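**Q** Here's a structure for you.
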Amino acid sequence: MTHPAQHSPVLAIHGGCGAIPRDELTPEQNGAAREALRRALEAGFKMLTAGGPAYDAVTEAVAVMEDDPVFNAGYGAALNRAGIHELDASVMEGTAGRAGAVAGARRIRHPVRAARALLETSDPLLLIAAAADEWAQQAGLEMVDNRFFSTPSRREALERMLEREREGTLGAAPERDKHGTVGAAALDVRGHLAAATSTGGYTAKPAGRVGDSPIIGAGTWADDRTCALSGTGKGELFIRRALGHEVHARMLYQGASLAEATDAMIHVEMVALGKSGSGGGAGLCAVDKNGNVALPYNTEGMYRGWINAGGLYVAIHED
Ligand code: ASP
């Protein structure tokens with residue numbers, strides 16, 4: 070009898086590249102963020118060590134972060150300029166290339182679970198707004214009122230952003246008011262890869278604006294031949310560079326390593342593109358087919374971590 074090749078599972082996550090600057094982060098915030106990252110890593114890794122598929126592990130890790138108001142996804146997500154939460158999420162697996170996504174969802178408690186459910190058939194693959202909510206409800210997922218997602222700090226962040234707009238100081242807004250997303254990438258014991266991403270977008274975004282997080286090939290990508298990754302940062306730039314697919318293509322066609330491909334995109338391409346005006350703050354979490362992890366970011370900090378058989382690591386700023 071032959072046994073499937075056993076791979077040592079790995080899970081990498083991010084909680085957004087809009088981390089609170091080191092000198093403003095209170096010990097309580099620091100502890101809460103690290104604890105939240107640890108919980109997400111442990112939840113996902115438990116599934117991987119039990120032999121579960123990478124696409125379930127990344128869904129679980131992201132769902133744990135959607136429940137945590139520290140992060141801009143699910144409960145505690147950013148508000149759009151009309152004071153409404155419009156949530157985006159996606160999941161992709163790297164074996165058959167199946168994927169699912171929702172954009173502008175308003176009532177799905179865990180948008181990533183709707184994306185995971187859509188991945189089953191991948192047809193439809195991406196549903197938007199009320200249609201996404203209705204589909205999730207019919208699929209039996211937990212539904213909530215839009216106000217469920219609000220927290221006092223997100224309402225204050227919206228007020229600050231609208232005030233900056235009136236003053237004309239939007240460009241000076243701190244990264245933490247602009248960015249936030251959660252994501253995960255994993256390699257399972259069968260050597261399969263998957264990635265998932267979920268976000269509220271950015272504070273005071275226009276109604277109906279969709280970022281990179283639900284766009285396969287931009288904010289989320291997985292291919293067993295190369296890597297799985299989830300991005301965070303200005304979504305428009307990720308879409309314009311098809312960032313997720315570009316990392317994969319550099320590895321597949323140019324023979325770049327995971328570190329080379331992701332560094333080139335985050336530290337060179339996004340920085341250059343950001344100079345044209347939109348701000349190139351960006352980061353990602355990625356795992357390659359050999360279990361290597363990359364967590365590059367070009368902002369002051371990114372909530373991030375990884376776990377494998379050797380241990381667990383979490384960080385916010387440069388350690
Ligand atoms: N990528 C997200 C978006 O553009 C936001 C972020 O990660 O900062 O919707």
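Going from the sequence shown to my numbering is simple: count from 1 and add 69. Cβ atoms here follow ideal geometry from the backbone N, Cα and C, with glycine treated the same way. Keep in mind that this is a model prediction, so the values were computed, not measured.
What three-state label does DSSP hand Leu210 in the structure shown?
**A** coil
**Q** Looking at the unbroken alpha helix (DSSP H) that takes in Met230, where does it start and where does it end?
**A** Pro221 to Glu236
**Q** From the DSSP output, read off the bridge partner residues of Cys296.
**A** Asp357
**Q** Classify Pro283 as buried or exposed, calling it buried when 16 or more other Cβ atoms lie within 10 Å of its own Cβ.
**A** buried
**Q** Whole angstroms is fine: what's the gap from Asp357's alpha carbon to Leu117's?
**A** 16 Å
**Q** Compute the minimum distance between the beta carbon of His248 and the heavy atoms of the ligand SAM, and state whether it is under 7 Å.
**A** Among the ligands present in this structure, namely the ligand ASP, the ligand SAM is not found.
**Q** Could you tell me which of Gly85, Tyr382 and Glu104 sits nearest to Val362, measuring between CA atoms?
**A** Tyr382
**Q** So the candidates are Glu232, Leu80, Gly87 and Ala158; which of them puts its Cα closest to the Cα of Tyr372?
**A** Gly87
**Q** Tell me whether Tyr382 sits in a helix, a strand or coil according to DSSP, three-state version.
**A** strand
**Q** How would you write the range of the alpha helix (DSSP H) that Thr289 sits in, first residue to last?
**A** Counting along the chain, Thr289 falls outside any alpha helix (DSSP H), though it belongs to the beta strand (DSSP E) covering Thr289 to Ala291.
**Q** May I ask you to report which of helix, strand or coil DSSP gives Tyr372?
**A** coil
**Q** Quick one: residues in its chain with C-beta nearer than 8 Å to the C-beta of Leu231, no 5 flanking neighbours on either side, listed in chain order?
**A** Excluding sequence neighbours, Leu231 sits near Arg150 and Ala273.
**Q** Mind listing, in chain order, the continuous beta strand (DSSP E) runs of no fewer than 3 residues lying wholly within the region 271–341?
**A** Entirely contained in the region 271–341, the beta strand (DSSP E) runs reaching 3 residues are, in chain order, 289–291 and 296–302.
**Q** Taking 8 Å as the threshold, find out whether the region 116–133 comes into contact with the region 84–98 through three or more Cβ pairs.
**A** no
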